[in-house]
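**Student:** Counting from 1 along the sequence shown, just add 96 to a position and that's the residue number in my numbering.
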Amino acid sequence: MQLFLDILLRMTPLPTDKDEFIVECTKAYKNQPNIFQDIQDFSEYYEPKTSLFWYSRQTFLYPLVNKALRVENIDLLYLSRFFMRDIRDELVLRQHTKSVKVYRGQVMSLNEIIQLKSLFFEDPTIMTSTNVRPREIYIAFKSFLSTSLKKSVAEFYVAGQPVPGDCLVLFEINADPNVCDQSNSFAELGDSSAIENEEEVLFMLNSIFRITDIHEEESKYIITLELCNNNDHTFKSVFESLKKDYGGEVAGYETEANLNSFATVLFNMHKYDLADKFFRRLYNELPPSHRDRARCCHNIGNVATHKGQYKEGLRWLNRALELFQQFWPFDHPGPGITYHCIGSLYKSKRKYE
97 MQLFLDILLR MTPLPTDKDE FIVECTKAYK NQPNIFQDIQ DFSEYYEPKT
147 SLFWYSRQTF LYPLVNKALR VENIDLLYLS RFFMRDIRDE LVLRQHTKSV
197 KVYRGQVMSL NEIIQLKSLF FEDPTIMTST NVRPREIYIA FKSFLSTSLK
247 KSVAEFYVAG QPVPGDCLVL FEINADPNVC DQSNSFAELG DSSAIENEEE
297 VLFMLNSIFR ITDIHEEESK YIITLELCNN NDHTFKSVFE SLKKDYGGEV
347 AGYETEANLN SFATVLFNMH KYDLADKFFR RLYNELPPSH RDRARCCHNI
397 GNVATHKGQY KEGLRWLNRA LELFQQFWPF DHPGPGITYH CIGSLYKSKR
447 KYE
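1. Provide the residue span of the alpha helix (DSSP H) that contains residue 290, from first to last.
2. In its own chain, which residues sit with a C-beta less than 7 Å from the C-beta of residue 158, not counting the 5 before and 5 after it?
3. Compare the Cα-Cα distances from residue 264 to each of 307, 277, 207, 304 and report the closest residue.
4. What separation, rounded to the nearest whole angstrom, lies between the Cα atoms of residue 253 and residue 277?
5. Along the alpha helix (DSSP H) that carries residue 314, what are the first and last residues, could you check?
6. Helix, strand or coil, according to DSSP, for residue 382 in the structure here?
7. Quick test of your reading: residue 284 and residue 292, contact by CB under 8 Å. State the CB separation rounded to the nearest angstrom.
8. Could you name the residues of the same chain whose beta carbon sits closer than 6 Å to that of residue 306, not counting the 5 residues immediately before and after it, in chain order?
9. Where does residue 263 fall in DSSP's three states?
10. Taking C-alpha atoms, which residue in 205, 147, 154 lies nearest to residue 177?
11. Rounded to whole angstroms, what's the CA-CA distance from residue 378 to residue 258? Just pull it up for me.
12. Once DSSP output is grouped into helix, strand and coil, what is the label at residue 421?
13. Going by DSSP, which residues form a beta bridge with residue 270?
14. Looking only at its own chain, which residues have a Cβ that is under 7 Å from the Cβ of residue 103, when we skip the five neighbours before and after it?
15. Would you kindly work out how many angstroms separate the C-alpha atoms of residue 386 and residue 423, rounded to a whole number?
16. Taking all protein chains shown into account, do 16 or more other C-beta atoms lie within 10 angstroms of the C-beta of residue 119, making it buried, or fewer, making it exposed?
17. Leaving out five residues on either side along the sequence, give the residues of the same chain with a beta carbon under 6 Å from the beta carbon of residue 161.
18. Determine which residues share a DSSP beta bridge with residue 234 and list them.
19. If the criterion is Cβ atoms closer than 7 Å, does the pair residue 189 and residue 240 meet it?
20. Apart from the five residues just before and just after residue 393, which ones in its own chain have a Cβ nearer than 8 Å to its Cβ?
21. In this structure, does DSSP put residue 281 in helix, strand or coil?
22. Checking 7 Å against the spacing of the C-beta atoms, do residue 316 and residue 245 come in under that value?
23. Given residue 155, which residues of its chain have a CB within under 8 Å of its CB, disregarding the five upstream and five downstream residues?
24. Considering just the uninterrupted stretch of the beta strand (DSSP E) at residue 297, what are its terminal residues?
25. Just checking my contact of residue 149 with residue 290 at CB under 8 Å: how many whole Å lie between their CB atoms?
26. Can you pull the DSSP bridge partners for residue 244?
27. For the alpha helix (DSSP H) that contains residue 391, what are its first and last residues?
28. By Cβ distance, which residues of its chain are closer than 6 Å to residue 270, with the 5 residues on each side in sequence left out?
29. Given a cut-off of 7 Å on the beta-carbon distance, is the pair residue 136 and residue 281 in contact?
30. Kindly give me the distance between the Cβ atoms of residue 262 and residue 203, rounded to whole angstroms, as I take these residues to be in contact under 8 Å.
31. With 16 other CB atoms within 10 Å as the buried threshold, where does residue 170 fall?
32. Mapping the DSSP letters down to three states, classify residue 375 as helix, strand or coil.
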């Protein structure tokens, strides 16, 4: 998911994204007419510099975007990327300049706690880090992470008794701005927050933290985290390799992603129906004489082949060959790759027929 979010946030939003997003919001809240006015206000008055305010209002955007991130609703995430990019840009603009300690209270399942313990401690039955050597464990939050400079605010969310099977958790997070770039920025919302007196600090989605301690205290678990440089954590080499596979880094600097690379990542995630949908979307958006339509046809045919739809796959791959010959230089490798896919298609077809 980290790879997917990286490319999503590097895609330039289209002018139509907001309108399409509004349509989806209206559908999502069709049974809650009291939300319609908020959606209408967002449609009329939203601008990038107000993104933090709209997110902190926690009306329809906060639950909708966070649920889409949690359940990996690709369609909705694609349309809401303009909003997530605006939040990122505002966090970078407002980046905290001093180290801070912030807090977050939330409920976690007992199974999640047990899993974290087993990863963090050599002996997960022991809960005091002074008695056992911890491992280097990193966690990433899929969603934007709301925290507070006030411990009392976080403790309010973990007051009382949890339901059976759940645990109260207080996160204590140490964050140093020197490890930040636009992928893990954080900022105090201040006047941009719709909620007063919470001294809210928001972290960019997909920020990576190192667990430094887990212990139980007064009927709740205390988990201490430290914000990491996203380029320093253990999985950097794997992540950078994957980024290069879809054109993430060129000549040492980050480039904008596009719909083709987005669909390619979906394909590599084995989300073939979604990959097909976005490859076709790109094909239909390109002018009839655009040479990249050849690549689209190749990709659509490749997806169909992986889905076992050999007749459909062959039709698109043959169309790709026609467009490569029509619009690309004769020595371009595209036709060779397409012929290889056609060969693989016939091999698979003989295997299963």
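Even for Gly, the Cβ is constructed at its ideal location relative to N, Cα and C.
**Tutor:** Taking the coordinates as given:
1. For residue 290, there is no enclosing alpha helix (DSSP H), as DSSP gives it neither H nor E.
2. Contacts found: 151.
3. Taking only the C-alpha atoms, the option nearest residue 264 is 207.
4. Cα to Cα, the separation comes out at about 30 Å.
5. For residue 314, there is no enclosing alpha helix (DSSP H), since its DSSP letter is neither H nor E.
6. Note: residue 382 maps to coil in three-state DSSP.
7. The C-beta separation of residue 284 from residue 292 comes to about 13 Å, leaving the pair out of contact by the 8 Å criterion.
8. Only 234, 322, 324 meet the Cβ criterion.
9. Look at residue 263 here: in three-state DSSP terms it is strand.
10. Sorting 205, 147, 154 by C-alpha distance to the C-alpha of residue 177 places 147 at the top.
11. Approximately 48 Å, taken between the alpha carbons.
12. For residue 421, the three-state secondary structure derived from DSSP is helix.
13. According to DSSP, residue pairing for residue 270 in a beta bridge involves 197, 322.
14. So the qualifying residues of the chain are 342, 353, 357, 358, 361.
15. Cα to Cα, residue 386 sits roughly 8 Å from residue 423.
16. The residue is exposed, with fewer than 16 neighbouring Cβ atoms inside 10 Å.
17. Around residue 161, the same chain offers 176 as residues with beta carbons nearer than 6 Å, after the five sequence neighbours per side are excluded.
18. The partner list for residue 234 (beta bridge, DSSP) reads 306.
19. Taking 7 Å as the Cβ cut-off, residue 189 and residue 240 do not qualify as a contacting pair.
20. Exclusion of the five residues before and after residue 393 leaves 379, 412, 413, 415, 416, 419 as the residues of its chain whose Cβ lies within less than 8 Å of its Cβ.
21. DSSP places residue 281 in coil when its eight states are reduced to three.
22. Taking the C-beta atoms as reference points, residue 245 is found no nearer than 7 Å to residue 316.
23. Cβ within range, chain order: 131, 134.
24. Unbroken beta strand (DSSP E) run through residue 297: 296-299.
25. Approximately 6 Å separates the beta-carbon atoms of residue 149 and residue 290; this is inside 8 Å, confirming the contact.
26. BP columns for residue 244 point to 199, 296.
27. Here the alpha helix (DSSP H) through residue 391 covers 389-402.
28. Excluding sequence neighbours, residue 270 sits near 197, 322.
29. Contact check for residue 136 against residue 281 fails: the beta carbons are separated by 7 Å or more.
30. Rounded, the Cβ-Cβ distance is 5 Å, consistent with contact.
31. Per the 10 Å Cβ criterion, buried.
32. Residue 375: helix per DSSP, three-state reduction.
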